[in-house]
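Here the structure is laid out as structure tokens; the discussion comes afterwards.
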Amino acid sequence: FESLLPFLQRAKEVEASIPKLAYVCRMYVVQTALAMPVRTPETDTLVRSVLEKLESAKSVGLRVDEATDGPELETIALKVLSNAEVLEKRGPSTAQEAVKAYAAAACFLEALEALGGQGPPERAEKQRYAAAKARQIVEALKAPLPPPPLPPPPPPPPPPSAPHIPDPVPPAQAPPSPLPPP
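To convert, note that position 160 of the sequence shown is 154 in the numbering used here; the numbers rise steadily by one, no gaps.
Dropping the structure here:
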């Protein structure tokens, strides 16, 4: 039950701008909930509520066709994934936005299964990648920050100036010259 809530959240987020994608997210929720081996009363209430939303959308003329709308909706989901990658590359200041975009891309790519099953293997790979990236960034954000680097050690003090001690051995004297002095 809880695992279906992100799909409904994404549907709500895109309902005004991409109603067909919202519709597909809701279809996926209904299909997945009905396939659950054990359903709770809360799940059944959720299914009824989502079915009402789907019927309401149909009553205003919204139709989703697998053949024509599927590729278009997949392209939108892949654009969301691409946007998440851009946000991630911008660094920590956009990490939260990247998490949301990766999570949305994962939901959208998975929800496309409502249009006719698993879809191509590449879509499933991209869905798993997006979900893993969202989890990875969340874990990184929760991790404690590394301690700041230690300052460099101070330079060693210069050696103290030693007093000049005369050499105990006198310098060698030049040998006497065999020539007489001038």
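Ideal Cβ placement from N, Cα and C applies to all residues, glycine included.
- Taking the Cα positions, K94 is about 19 Å away from R20.
- Taking the Cα positions, L56 is about 19 Å away from A71.
- An exposed status is given to E36, since fewer than 16 other beta-carbon atoms sit within 10 Å of its beta-carbon.
- By the C-beta criterion, the segment 59 to 71 is judged not to be in contact with the segment 21 to 35, since fewer than 3 inter-stretch pairs fall below 8 Å.
- The three-state secondary structure of L56, taken from DSSP, is coil.
- For F1, the uninterrupted alpha helix (DSSP H) segment begins and ends at -1 to 8.
- Shown here for P114: not one same chain residue has a beta carbon closer than 7 Å to its own, the five before and five after excluded.
- The DSSP-derived three-state label of L144 is coil.
- Under the Cβ criterion (8 Å, minimum of three pairs), the segment 78 to 87 counts as touching the segment 116 to 135.
- The alpha helix (DSSP H) runs lying completely inside the segment 32 to 108 and spanning 4 residues or more are 35 to 53, 60 to 83, 89 to 105, given in chain order.
- Rounded to the nearest whole angstrom, the C-alpha separation of Q90 and S43 is 30 Å.
- Within the model, the alpha-carbon separation for F1 versus P138 is close to 30 Å.
- Excluding its 5 nearest sequence neighbours in each direction, C101 has C-beta neighbours in its own chain below 6 Å: P0, F1, R4, listed in chain order.
- A straight line joining the alpha-carbon of L67 with that of E107 spans about 11 Å.
- Between V74 and A98, the beta carbon gap of about 5 Å places them in contact (Cβ cut-off 8 Å).
- The Cβ atoms of L(-2) and V18 lie no closer than 8 Å to each other.
- For A16, the uninterrupted alpha helix (DSSP H) segment begins and ends at 13 to 28.
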